[in-house]
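**Q** I'd like to ask you about the structure that follows.
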Amino acid sequence: MIEVSHIQKTYGKKKVLTDISFCAKPGECIAIAGKNGCGKSTLLQILSGVVRADSGSIQLWNEAATPKTIRKYCGYVPQENPLMEEMSVRDNLRLWKGKNRHMTEQVIRQFELDDLLGQKVRTLSGGMKRRLAIACALLKLPPVMIMDEPTTALDLYYKESIRQWMGQYLAGNGTILMTTHDEAEIANATRCFVLREGVLSETPKESVRDAILSEKE
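Residue numbers (this note's numbering): 6 to 222.
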């Protein structure tokens, strides 16, 4: 269980997040949508421990979200590329894997990385890097995946592949917290929220698009 309570974040005079509260249970996929620049990535950065909230709290299975507990429970896939560009795909996997060799072999198959292992990350396409970043985040078997636009840069084939993996992960009682603009991902989510003017509101999946489009510039 993840419990987010009264998170606030301000940059300068701009209030980015205002009193953000929600919870997520094992097996749930929470989709967070909103216009570009509304604070979605900032929220995920706070949940993953990259950015500190001004106030509020996060509980992971009744433990306070310290850097140690976040590493214990969460895998994080940021919007920007987190990989070591001058290292090979194989070496990036080694860097992230911990001691679980079986899991490394599993994600190589799952994300179709077999033919890329010897390549340097800087030679890969954006979609290949995205698949590798998700694979790296999974290597320590986290019960929570925090994902900022998980299928960005992927073609239709790999978008569908990642969605199938998401279904399997959720079926195994994993929890996904993701930002997305993708209507198929919104439709497949358990619950959806729209972030608007710093306020997070749970929104029926069929109403997410209209809620975003109706927002004034």
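All residues carry an ideal CB built from backbone N, CA and C; glycine is no exception.
Report yes if the CB atom of M6 is closer than 9 Å to the CB atom of L65, and no otherwise.
**A** Sequence index remark: in the sequence shown, residue 6 carries index 1 (1-based). Sequence index remark: in the sequence shown, residue 65 carries index 60 (1-based). Result yes, Cβ atoms of M6 and L65 sit closer than 9 Å.
**Q** Tell me whether L227 is buried or exposed, calling it buried when 16 or more other Cβ atoms sit within 10 Å of its Cβ.
**A** Outside the displayed range of the chain (6 to 222) lies residue 227, so it cannot be described from this structure.
**Q** Starting from the Cα of L159, find the closest Cα among P72, W170, N178, R135 and give me that residue.
**A** Position 154 of the sequence shown, counted from the start, is the residue given in the question as residue 159. Selected option, being the one with the closest Cα: R135.
**Q** Leaving out the 5 sequence neighbours to the left and right, which residues in its chain are closer than 7 Å to K40 when beta-carbon positions are compared?
**A** Taking the sequence shown and counting its residues from 1, one reaches residue 40 at position 35. If we look at K40 and ignore the five residues flanking it on each side, its Cβ neighbours are I217, E220.
**Q** Comparing C-alpha positions only, which one of L48, L98, G17 sits nearest to S26?
**A** On the sequence shown, residue 26 is found 21 positions in, with the first residue counted as 1. Checked all of L48, L98, G17; the closest Cα to S26 is L48.
**Q** Pick out the complete alpha helix (DSSP H) segments inside the region 157 to 196, 4 residues or longer, and give them in chain order.
**A** Segments of the alpha helix (DSSP H) lying fully in the region 157 to 196: 161 to 176, 188 to 193.
**Q** So, with DSSP's three-state summary, where would you put A58?
**A** Working through the sequence shown from its first residue, we reach residue 58 at position 53. Correct three-state label for A58: coil.
**Q** Go ahead and label Y227 buried or exposed: buried means 16 or more other beta carbons lie within 10 angstroms of its beta carbon, across all protein chains shown.
**A** This structure leaves residue 227 out entirely; the chain is present only between 6 and 222.
**Q** Would you say L205 lies against chain B (beta-carbon separation less than 9 Å)?
**A** This model lacks chain B altogether, as it is built from one protein chain only.
**Q** Please list the terminal residues of the continuous alpha helix (DSSP H) segment that includes T74.
**A** In the sequence shown, the residue the question calls residue 74 occupies position 69. Segment 72 to 78, the alpha helix (DSSP H) holding T74.
**Q** Does the separation of the CB atoms of V37 and C197 fall below 9 Å?
**A** The sequence position of residue 37 within the sequence shown is 32, counting from 1. The sequence position of residue 197 within the sequence shown is 192, counting from 1. Per the sequence shown, the amino acid found at residue 37 is Ile instead of Val. A contact, by the Cβ cut-off of 9 Å.
**Q** L144 and M133 - do their beta-carbons sit closer together than 9 Å?
**A** Along the sequence shown, one-based indexing puts residue 133 at 128. Along the sequence shown, one-based indexing puts residue 144 at 139. No, they are not a contact pair.
**Q** Reducing DSSP to helix, strand and coil, say where K125 ends up.
**A** As a position in the sequence shown, residue 125 is number 120, starting the count at 1. Three-state DSSP puts K125 in a strand.
**Q** Could you check the C-alpha separation between G54 and P72 for me, to the nearest Å?
**A** The count along the sequence shown starts at 1 and reaches residue 54 at position 49. The count along the sequence shown starts at 1 and reaches residue 72 at position 67. Taking the straight line joining both Cα atoms gives about 6 Å.
**Q** DSSP three-state label for M92, please.
**A** As a first step, residue 92 is located in the sequence shown; it is residue number 87 there, counting from the start. Residue state, collapsed to three classes: coil.
**Q** Give the secondary structure of E211 by DSSP, where H, G and I count as helix, E and B as strand, and everything else as coil.
**A** What you label residue 211 is simply residue 206 of the sequence shown in a count that begins at 1. Of the three classes helix, strand and coil, the one that applies to E211 here is helix, per DSSP.
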